[in-house]
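K.L.:
Below is one structure. I have some questions about it.
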Amino acid sequence: MTEQIDNVPGFVPTAVESTLDTVICMPTEIIVRGSFSAFEPPERGTVHASVAYEGPAIESVYERVVRDLDVVKSSIEPLHDPDGGPVTWWSTQQLRTWAHRPWNNEGKQLPLVHHASVGVEVKFSDFTELSRWLGGHITNTGGFQLSHIEWALTTRHRDELVSQVHTRAVQDAVVRAQRYADALGLGPVRPVAIADAGMLGSAPVNGSAPVAMRAMAAKAAPEVELAPADIEVSVSVDARFHAGAEAASA
């Protein structure tokens, strides 16, 4: 604004400039981690097992593995139905053979011991049938060895659950950020950035994966009593928010 001053004796008129100052108010930045976990009972149980023998002659060891493997496969085939179960999928690995020469406690090397082994994986949708099938082979199939049982959800249910948990984790981040803003009297928060846990910083934060799925695996045991733990699906996200006025005039 320019003001002109006239009619003042001995005063030379000049232009006087006045400016309107603008005060920039930076928003407050709030960074939070949101998380959520969901638990669901498993829908599939995959048996990880093997048929294995050892002995002084490779021929007999190999033949015993092949014989027991045929027994195992014969018990699976009538149960296999990809859509209806109780076995929805199964596979056998390549039969492996090897040998080693052990030592006794006196330091003497002993004759060769031959080994043969083949892995078997069987996925069940019916856990009662799983228990019955597994118990039968542990009891009656000499070379059958249980490694563990892997519990899981169906692929479709897992994807749906992960999507739901992701949404809840983001909502948790919003709630956490708003709590900080409310405590400072800053008003509603405004989202600026969101990412998987550890991705907003200059370096990833050590910790669990952004999407974690956990399930207890049953170990090999002579008694087959199945009590699988629920499947845990966990998601963590990092989010950056702004709160407070961005600019004001004075």
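Quick note on numbering: our numbering labels position 211 of the sequence shown as 216, and the sequence is numbered without any gaps. Backbone N, C-alpha and C define an ideal beta-carbon position, used for all residues, glycine too.
1) Whole angstroms is fine: what's the gap from alanine 202's alpha carbon to alanine 174's?
2) Determine the burial state of serine 55: buried for a count of at least 16 other Cβ atoms within 10 Å of its Cβ, exposed for fewer.
3) In terms of alpha-carbon separation, which member of Ile236, Thr133 and Met204 lies closest to leucine 158?
4) Are the beta-carbon atoms belonging to glutamine 98 and valine 123 less than 7 Å from one another?
5) In the DSSP output, what is phenylalanine 246 paired with across the bridge?
6) Is the beta carbon of valine 37 closer than 7 Å to that of alanine 250?
7) Do you know how far the Cα of serine 79 is from the Cα of leucine 231?
8) Would the beta-carbon of phenylalanine 149 fall within 7 Å of that of histidine 142?
9) Return helix, strand or coil for threonine 51, following the three-state DSSP convention.
10) Please classify proline 47 as buried or exposed, where buried requires at least 16 other C-beta atoms within 10 Å of its C-beta.
11) Which two residues bound the contiguous beta strand (DSSP E) that contains glutamate 126?
12) Might you give, ordered along the chain, the residues of its own chain that have their beta carbon closer than 7 Å to the beta carbon of glutamate 111, omitting 5 neighbours on each side?
13) Excluding the 5 residues flanking phenylalanine 44 on each side, which residues of the same chain have their C-beta closer than 6 Å to its C-beta?
14) Looking at the structure shown, is glutamine 176 part of a helix, part of a strand, or coil, going by DSSP?
15) Looking at the structure shown, is threonine 102 part of a helix, part of a strand, or coil, going by DSSP?
16) Between which two residues does the alpha helix (DSSP H) carrying glutamate 68 extend?
17) Residues in the same chain with beta-carbon distance under 6 Å from lysine 128, minus the five sequence neighbours each way, listed in chain order, please.
18) Output yes or no for whether 7 Å exceeds the beta carbon distance between leucine 117 and arginine 106.
19) From histidine 85 to valine 197, what does the alpha carbon distance come to, in whole angstroms?
20) Run the CB neighbour count on serine 239, radius 10 Å, all protein chains shown included, and call it buried at 16 or more, exposed below.
21) Please list the terminal residues of the continuous beta strand (DSSP E) segment that includes glutamate 155.
22) Quick check on DSSP: helix, strand or coil for glutamate 237?
23) Where asparagine 181 and glycine 39 are concerned, what is the direct C-alpha to C-alpha distance, given to the nearest angstrom?
24) Along the chain, where does the alpha helix (DSSP H) containing tryptophan 138 start, and where does it finish?
25) Between which two residues does the beta strand (DSSP E) carrying tryptophan 94 extend?
26) Beta-carbon within less than 7 Å of valine 76's beta-carbon, same chain only, minus the 5 sequence neighbours each way: which residues are those?
27) Can you tell me whether leucine 74 is buried or exposed? The criterion is at least 16 other CB atoms within 10 Å of its CB, across all chains shown.
P.N.:
Straight from the coordinates:
1) Position 197 of the sequence shown, counting from 1, holds the residue named residue 202. Position 169 of the sequence shown, counting from 1, holds the residue named residue 174. About 11 Å.
2) Counting from 1 along the sequence shown, the entry for residue 55 is found at position 50. Answer is buried; the Cβ neighbour count reaches 16.
3) On the sequence shown, position 153 is the one that residue 158 refers to. Nearest to leucine 158 by alpha-carbon distance, out of Ile236, Thr133 and Met204, is Ile236.
4) Mapped onto the sequence shown, residue 98 falls at position 93. Mapped onto the sequence shown, residue 123 falls at position 118. It is a contact, given that the beta carbons lie within the stated cut-off.
5) One-based indexing of the sequence shown puts residue 246 at position 241. Answer is Ile35 and Pro196.
6) Mapped onto the sequence shown, residue 250 falls at position 245. Mapped onto the sequence shown, residue 37 falls at position 32. Not a contact, by the Cβ cut-off of 7 Å.
7) Taking the sequence shown and counting its residues from 1, the one referred to as residue 231 is at position 226. Taking the sequence shown and counting its residues from 1, the one referred to as residue 79 is at position 74. If I take the Cα positions, the gap works out to 23 Å.
8) The residue labelled residue 149 in the question sits at position 144 within the sequence shown. The residue labelled residue 142 in the question sits at position 137 within the sequence shown. In this structure, phenylalanine 149 lies near histidine 142, with their beta-carbon atoms less than 7 Å apart.
9) To locate residue 51, count along the sequence shown from 1; it is residue 46. DSSP, reduced to helix, strand and coil, places threonine 51 within a strand of the structure shown.
10) By one-based count along the sequence shown, residue 47 stands at place 42. Proline 47 comes out buried.
11) Position 121 of the sequence shown, counted from the first residue, corresponds to residue 126. Membership of glutamate 126 in the beta strand (DSSP E) is indicated by the continuous run 118–129.
12) Here residue 111 corresponds to residue number 106 of the sequence shown, with the count starting at 1. Closer than 7 Å at Cβ, skipping near neighbours: no residue.
13) Along the sequence shown, one-based indexing puts residue 44 at 39. Cβ-Cβ distances below 6 Å link phenylalanine 44 to Asp235 and Glu237 in the same chain, with the five nearest sequence neighbours on each side left out; the list follows chain order.
14) Against the sequence shown, residue 176 aligns to sequence position 171. Three-state result, glutamine 176: helix.
15) In the sequence shown, residue 102 corresponds to position 97, counting from 1. Strand at threonine 102.
16) Residue numbering aside, residue 68 sits at position 63 when the sequence shown is read from its first letter. Per DSSP, glutamate 68 is one residue of the alpha helix (DSSP H) stretching across 63–81.
17) As a first step, residue 128 is located in the sequence shown; it is residue number 123 there, counting from the start. Here the set comprises Arg49, Thr51, Thr93 and Trp94.
18) Taking the sequence shown and counting its residues from 1, the one referred to as residue 117 is at position 112. Taking the sequence shown and counting its residues from 1, the one referred to as residue 106 is at position 101. Against a cut-off of 7 Å, the Cβ pair of arginine 106 and leucine 117 comes out as a contact.
19) Position 80 of the sequence shown, counted from the start, is the residue given in the question as residue 85. Position 192 of the sequence shown, counted from the start, is the residue given in the question as residue 197. One C-alpha to the other measures close to 51 Å.
20) Your numbering for residue 239 matches position 234 in the sequence shown. By the neighbour-count criterion, in which 16 or more other beta carbons inside 10 Å mark a residue as buried, serine 239 falls on the buried side.
21) Looking up residue 155 in the sequence shown gives position 150. Element bounds for glutamate 155: 149–157.
22) Within the sequence shown, numbered from 1, the residue matching residue 237 stands at position 232. Looking at glutamate 237 - three-state DSSP - the assignment turns out to be strand.
23) Residue mapping note: residue 181 aligns to position 176 of the sequence shown, counting from 1. Residue mapping note: residue 39 aligns to position 34 of the sequence shown, counting from 1. Checking the sequence, you will find arginine at residue 181 rather than asparagine. When rounded, the distance between both Cα atoms is 7 Å.
24) For this step, residue 138 is matched to residue 133 along the sequence shown. Under the DSSP assignment, tryptophan 138 falls in the alpha helix (DSSP H) whose first and last residues are 132–145.
25) Against the sequence shown, residue 94 aligns to sequence position 89. Unbroken beta strand (DSSP E) run through tryptophan 94: 92–97.
26) As a first step, residue 76 is located in the sequence shown; it is residue number 71 there, counting from the start. Excluding positions up to five away in sequence, the list reads Thr146.
27) The residue labelled residue 74 in the question sits at position 69 within the sequence shown. Classified as buried, leucine 74 has 16 or more neighbouring CB atoms from the shown chains inside 10 Å of its CB.
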